[in-house]
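Convert by adding 3 to the 1-based position in the sequence shown; the result is the number in our numbering.
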Amino acid sequence: MTLKWGVLGAGSVAQRRAMPAIHKASGAELHALFSRNATRAQQLATEHNATKAYSSVDNLLADSDLNAIYVSTPVNLHCEQVIAAAERGLHVLCDKPMALNTEECKRMIDACDINDVHLQVCLLFRFHSCFQQIRNWFREGKLGQIVHGRMPFLKKYLLSADEWRAQPDKGGGGCMMDLGPHSVDMLRYLIGEVTEVTAFCDSNIHNYQVEETGGILMRFQNGAQAFTDLSFSVAQCDIVLELYGTEGAVTVLNEDGWKIWTYFNGEKQAIASQYEDLYQHQFEHFAECVASGTAPIASGIDGLKANTILAAAYQSAQTGKVVQCS
């Protein structure tokens, strides 16, 4: 079965990554897209070989040929739009962060359950083979008991005052809300459930309304600890992941492509990792899940749990206290 996709929010990420990936993915077809400006919508549809162009969300969702919607709009619109798509019987792929808060996440999950549609969240790192391999090594006991992990997500990204990521009511926060879902989710995916969180965040370089730098320390049910450092304001960061256990360690570095360094049985080894189109992987996985009725590896519950950790982090940063994560 080939799913006909509608893209709700044809912004830069959708243009650079998602729509080209739909064309490459098996079981996927780019049928329609939405942009607020009708002329711009038609231009984008022509550029990206979409059959239909819409400047009305309602008209997009009413397209009877659609099977699935990719929601790639500002975060404050996710909840309303995901629920509207579910009520039309459309399967949903929602960009991260899933919503502004955990209550919105729960409403989205409930709407998709009630309407029996598939819900998946764009937690892309789960689809990379190197993280799948690391997870298998952990399950096989090669790392022993996990002691500590770290996943920095640091980049140069200058916010303009009029973009939604710079406005707390639209994006929900700054680097922690925008970059944090990837790293807190991956650490949770590899290590386990988070029980406590402490965090700091600042915006002392550009003085944005949202934080441009943050750090989140997590304690896990299995006794491990992990840290993610996040920023929009650094020149470069080559470390992707560090995971340390009682029997081994793994580091993923960005050195002309990702490279995995392992330390097992006293021996260090480097394994090169080829480029992978994670958007293509997730669209293909989505189609397989819809066809088979199986749960995705990046579910609405996973999106909710990432939002829960981030909410605890913001509370900790505001109060200066350790916050229970439940």
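The C-beta atom is built at its ideal place from N, Cα and C for all residues, glycine as well.
Since we're looking at a predicted model, the values are computed, not measured.
Query                                                                                                                                                                                        : Result
Which runs of the beta strand (DSSP E) spanning at least 3 residues fall entirely within the region 149 to 180, listed in chain order?                                                       : 149 to 153
Might you give, ordered along the chain, the residues of its own chain that have their beta carbon closer than 8 Å to the beta carbon of residue 52, omitting 5 neighbours on each side?     : 26 and 33
Could you pull out every residue in the same chain whose Cβ sits closer than 6 Å to the Cβ of residue 125, ignoring the five residues on either side in sequence?                            : 98 and 99
Please work out which residues of its chain come closer than 8 Å, Cβ to Cβ, to residue 241, disregarding the five sequence neighbours upstream and downstream, and give them in chain order. : 256, 257 and 258
May I ask which residues mark the beginning and end of the alpha helix (DSSP H) holding residue 55?                                                                                          : Run containing residue 55: none in the alpha helix (DSSP H); it sits in the beta strand (DSSP E), 55 to 57.
On a CA-only basis, which of 248, 264, 30 and 69 is nearest residue 37? Give me that one, please.                                                                                            : 69
What would DSSP say about residue 145, mapped onto helix, strand or coil?                                                                                                                    : coil
From residue 270 to residue 43, what distance separates their C-alpha atoms?                                                                                                                 : 56 Å
Using the Cβ count rule (16 or more neighbours within 10 Å means buried), how would you classify residue 219?                                                                                : buried
Drop a sphere of 10 angstroms on the beta-carbon of residue 221, count the other beta-carbons inside from all chains shown, and report buried for 16 or more, exposed for fewer.             : buried
What is the DSSP secondary structure of residue 11, counted as helix, strand or coil?                                                                                                        : strand
For residue 315, I'd like the list of residues in its chain whose CB is within less than 7 Å of its CB, leaving aside the five on either flank, ordered along the chain.                     : 200, 326 and 328
Leaving out the 5 sequence neighbours to the left and right, which residues in its chain are closer than 6 Å to residue 128 when beta-carbon positions are compared?                         : 134, 185 and 189
As a quick exercise: from 244, 197, 166 and 155, pick the residue whose alpha carbon is nearest that of residue 212.                                                                         : 166
By a C-beta neighbour count over all protein chains shown, 10 Å radius and 16 as the cutoff for buried, is residue 191 buried or exposed?                                                    : buried
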